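Participant: Handing you this structure, nothing more for now.
In our numbering, the protein residues as written are 2 to 257.
Set out below in structure tokens:
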């Protein structure tokens, strides 16, 4: 939709170096049908800032909302999310924009880029946002649930919310969540073929594991207590232990 604006910012190395391009696509692991232009995150963020400064970001967001999602590139969706975070608006208006953006998320990078840059949440009405997240937690779509998990990890994993977050994580029904990714063994033959090396919904399971490892760094005793009495699947616990061992903050901590 704004692809012509983005093309000058596409990485020259992505265009010319096949090995670099394949590595970029493997890390991103977007679905096969999602076009990836090859922009870097800092360039996308800066472009979103520039669009906001030009004063027409409202119109751009409305155009994104009206465009069939299959027509949008990965980069356009990331920029759409950045624009929502950068808007000067009320919480009601932002949540309304989010309600139309979240169903379009189909990649871990789109989800996590938005979540990590939603700094406004720290000063917003947490009860309102928590209520909003419940619809995402209850969704049967992989990235709507991951969205709720990552937002909870980044902005609700503190003294006032710790128990509520863990009670909600414990209620996730992994078996009813649908994924467009399929499980496959070994390294994908193609760099963008929509496969994962783990049980579906892989990106929800990894999101919960990441949340648990983050919680272990902040509240080790409470996290261990929760993990040992939780209803989480055994593979999620194993992913959490792996995450904890990989993190410099928790690699020497007892995860269980």
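Even glycine gets a Cβ: it sits at the ideal position worked out from N, Cα and C.
Values in this document were obtained by computation on a predicted structure and should not be read as measured data.
Leaving aside the five residues before and after residue 183 along the sequence, list all residues of the same chain whose C-beta is less than 7 Å from its C-beta, in chain order.
Facilitator: Here the set comprises 195 and 196.
Participant: Would you report the Cα separation of residue 142 and residue 105, rounded to the nearest angstrom?
Facilitator: Their backbone Cα atoms lie some 10 Å apart in a straight line.
Participant: In its own chain, which residues sit with a C-beta less than 7 Å from the C-beta of residue 167, not counting the 5 before and 5 after it?
Facilitator: The answer, listed in chain order, is 227.
Participant: Taking just the CA atoms, how far does residue 229 sit from residue 44?
Facilitator: Whole-angstrom Cα-Cα distance: 43 Å.
Participant: Taking the runs of the alpha helix (DSSP H) that are 4 residues or longer, which of them lie wholly in the stretch 198-222?
Facilitator: Whole alpha helix (DSSP H) segments, 4+ residues: 203-219.
Participant: Do residue 146 and residue 122 have their C-beta atoms within less than 9 Å of each other?
Facilitator: In this structure, residue 122 does not lie closer than 9 Å to residue 146 by Cβ.
Participant: Buried or exposed for residue 262, please, with buried defined as at least 16 other CB atoms from any protein chain shown within 10 angstroms of its CB.
Facilitator: Coverage of the chain is limited to positions 2 through 257, which leaves residue 262 absent and any answer about it impossible.
Participant: Can you tell which of 102, 236, 149 and 254 has its C-alpha closest to the C-alpha of residue 67?
Facilitator: Measuring from the Cα of residue 67, the nearest candidate turns out to be 102.
Participant: Can you tell me which of 33, 25, 19 and 40 puts its alpha carbon nearest to the alpha carbon of residue 11?
Facilitator: Closest option to residue 11, Cα to Cα, is 40.
Participant: Under the rule that 16 or more other beta-carbon atoms within 10 Å means buried, what is residue 117, buried or exposed?
Facilitator: Residue 117 should be labelled exposed.
Participant: Answer yes or no: does any C-beta atom of chain C fall closer than 9 Å to that of residue 212?
Facilitator: The question asks about chain C, but that chain is absent: this structure has only one protein chain.
Participant: Identify, in the order they occur along the chain, each residue of the same chain with its Cβ nearer than 6 Å to the Cβ of residue 32, setting aside the five sequence neighbours on each side.
Facilitator: Counting only Cβ-Cβ distances below 6 Å, and skipping sequence neighbours, we find 107, 181 and 195.
Participant: Run the CB neighbour count on residue 9, radius 10 Å, all protein chains shown included, and call it buried at 16 or more, exposed below.
Facilitator: With fewer than 16 Cβ atoms within 10 Å of its Cβ, residue 9 is classed as exposed.
Participant: May I have the straight-line CA-CA distance separating residue 246 from residue 207, to the nearest angstrom?
Facilitator: Going by the C-alpha atoms only, they are around 14 Å apart.
Participant: If you drop the 5 nearest sequence neighbours on each side, which residues of the same chain put their C-beta closer than 6 Å to that of residue 236?
Facilitator: Here the set comprises 200.
Participant: In three-state DSSP terms, what is residue 179?
Facilitator: If DSSP states are grouped into helix, strand and coil, residue 179 belongs with the strands.
Participant: Under three-state DSSP, which class holds residue 244?
Facilitator: Three-state DSSP puts residue 244 in a helix.
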